[in-house]
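Numbering (my numbering), first residue to last: 23 to 359.
Just so it is clear, CB atoms sit at the ideal spot from N, CA and C, and this is done for glycine as well.
Beneath this line is the structure, given in structure tokens, with notes to follow.
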Amino acid sequence: MQISRNISLQPYNTFGIEALAENFAVIETIEDIATISKLTKQYQQWHLLGGGSNILFTDNLSGLTLYNQVKGIFIVQEDETTVLIKAFAGEKWNDLVQFCLQHNFAGVENLSLIPGSVGAAPIQNIGAYGVELKDVLEYVEAYHLDKHETEIFSNKACRFGYRDSIFKQQYKNRLLIVAITLRLNKIPKLVIGYGSLQQQLEKMGIVKPTIQQVAEAVNIIRTNKLPDPAKIGNAGSFFKNPTISKFRLHVLSEQYADIPGFALDEMNFKISAAWLIEQAGWKGKREGNVGCNPLQPLVIVNYGGATGKEIYNFSEAIIQSVKQKFGIELEREVNIW
Ligand SMILES: Cc1cc2nc3c(=O)[nH]c(=O)nc-3n(C[C@H](O)[C@H](O)[C@H](O)COP(=O)(O)OP(=O)(O)OC[C@H]3O[C@@H](n4cnc5c(N)ncnc54)[C@H](O)[C@@H]3O)c2cc1C
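This is the structure:
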């Protein structure tokens, strides 16, 4: 594996931010992974880069940046009803979804068109339209950069939560995800109850959709609602939807009757961060080259030439403003580097 110095990361992040990687190495083969230990021992700090669609660079990256490009998608086991699919981390997530759609393997159709790599999918337990990676993930193969050994994490061991996993917490930047294995169904169990998905299928006049039609409906919604990073820099949802207590929701709803709350359990509710941001007056707002998307206020956009620090400061202003108005502190979904 070769190390390149002072590499511009602008083509490697969907915000289009300029930042330099002091040392940059591309992992191209499985054999490269076996030799990583020699490399990582020389550096104090590692950064693991996928498609850069969930990262905001606020500074140059010191230490070693590893860019995993190992590819391959395989059927590892199948019976009449289910199939195990293994995909290497360097594959694009949406290429894996396409592979599944082509083979009629159900389970990931709602996750169609999510940008980024297969390797990053378990990090924040990607999710959309009522489905999360945890619903289909069998296990993750990961390489410990400090212990220099490979470990298999079962679904349970990944400790998946809402946009969260063990890889985002205790193993942050210490484990290189090498491959994931999914358990998919040959007889689809569709998840089409999510409001906007249901409406889109109705609009398309489809009552009993195939998995391909579900993916098509998802693609239409996403294309209409989310800015295309190839045209305008962004990293999708910048913030997570916060969780508040039933009591807190009750108090807030006396002042804001239309506050949208979704029950997680008897005592806790998830609140729409988009609604909070819009109510705080940020929807469509622009400061210099940074803005809050006019269609989906959860998305912060780089209109061109913004720095990572400007975007970070803009996000901080949103957090403070929502906190002041509602007493709720928004948490960033995007990784700040
Ligand atoms: C337009 C748009 C829409 C989006 N929609 C959604 C959505 O619907 N749902 C959703 O969940 N997300 C969404 N996202 C966010 C993003 O696509 C996902 O989080 C995706 O999984 C990030 O993949 P990536 O390869 O770009 O990861 P990166 O941004 O490169 O990295 C993200 C994190 O993963 C780590 N990482 C990356 N690869 C590895 C690896 N091989 N081993 C260990 N750690 C690794 C990085 O260190 C970093 O901490 C969206 C983003 C955009 C731009």
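Beta-carbon gap between residue i and residue j smaller than 8 Å
i	j	result
P251	S75	yes
G85	E40	no
K268	Y184	no
V162	P144	yes
L320	A295	yes
C314	I299	yes
L106	T172	no
T87	L61	no
I95	A109	yes
With 16 other Cβ atoms within 10 Å as the buried cut-off, status of residue i
i	result
L31	buried
S337	buried
E113	buried
F37	buried
D168	exposed
Q318	buried
S259	buried
I199	buried
F175	buried
P316	exposed
Where the alpha helix (DSSP H) through residue i begins and ends
i	result
N246	233 to 247
N116	115 to 124
I341	330 to 348
G217	217 to 225
Where the beta strand (DSSP E) through residue i begins and ends
i	result
T57	Taken as a continuous stretch (DSSP letters only), T57 belongs to no beta strand (DSSP E), being part of the alpha helix (DSSP H) at 52 to 62.
G313	312 to 314
Q99	95 to 100
K108	104 to 110
L42	42 to 49
E353	Taken as a continuous stretch (DSSP letters only), E353 belongs to no beta strand (DSSP E), as it is neither H nor E.
E173	172 to 176
N324	321 to 324
Beta-bridge partners of residue i, as assigned by DSSP
i	result
K20	Since the displayed the chain opens at 23 and closes at 359, residue 20 lies outside it and no answer follows.
H166	L197
W68	L86
N35	Its beta-bridge partners do not exist; DSSP assigns none.
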